[in-house]
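For reference, the structure is listed below as structure tokens.
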Amino acid sequence: MAFVGDNAGLLSFAEQVPTYEGEIKALQRQMQRSQRASNPENYSPDFFGQIGRKIVLKKGKVKPGSRQWKKSKTYQKLARKKRELERRKIAYAKSQNRRIVNEILRHGNQSLHRKRIGKGMAEAIW
């Protein structure tokens, strides 16, 4: 985002937001294992598939149709942890964006907004 006043500046939205990607991926894998263990009747049986020349055991896919899903205490605990990480990520991004808005408002109280998308943005820059 660019601003011009007594001073000019260029700021980007929500820099350095922690993504927690590794932690979220690990939690999703644990949740998937817990879900499979609690609901084996909702999955097709495991099968042997081929990757290149290797034969490997592959997990069965979810059976089609509407199903009853049991959620174990472990699954619920992992889901709460995942929600908390996602909430923290969003809260941090919001606070950073608000900080940027306050920085811009410090330089003036009038604003002009232009919406540029895709090709039009490239033409506006060049």
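Just add 539 to wherever you are in the sequence shown, counting from 1, and you've got this note's numbering.
Note that beta-carbon positions come from the ideal geometry of N, C-alpha and C, so glycine has one too.
Coarse secondary structure for residue i, derived from DSSP in three states
{"i": "A565", "result": "helix"}
{"i": "K600", "result": "coil"}
{"i": "P593", "result": "Residue identity check: residue 593 is Lys in the sequence provided, not Pro. Residue state, collapsed to three classes: strand."}
{"i": "A632", "result": "helix"}
{"i": "Y582", "result": "strand"}
{"i": "A547", "result": "strand"}
Closest by C-alpha distance to residue i, when choosing among the options
{"i": "L566", "options": "I639, K616 and Q635", "result": "K616"}
{"i": "N578", "options": "G588, Y559 and G599", "result": "G599"}
{"i": "A547", "options": "V556, H646 and A618", "result": "H646"}
{"i": "K610", "options": "Q555, V556 and S573", "result": "S573"}
{"i": "K602", "options": "K654, Y582, K633 and M570", "result": "Y582"}
{"i": "T558", "options": "G591, K612, Q635 and I629", "result": "I629"}
Cut-off 8 Å between Cβ atoms - residues of its own chain near residue i, not counting five sequence neighbours on either side
{"i": "D585", "result": "L596, K597, K598 and G599"}
{"i": "M570", "result": "Y614, L617, A618 and K621"}
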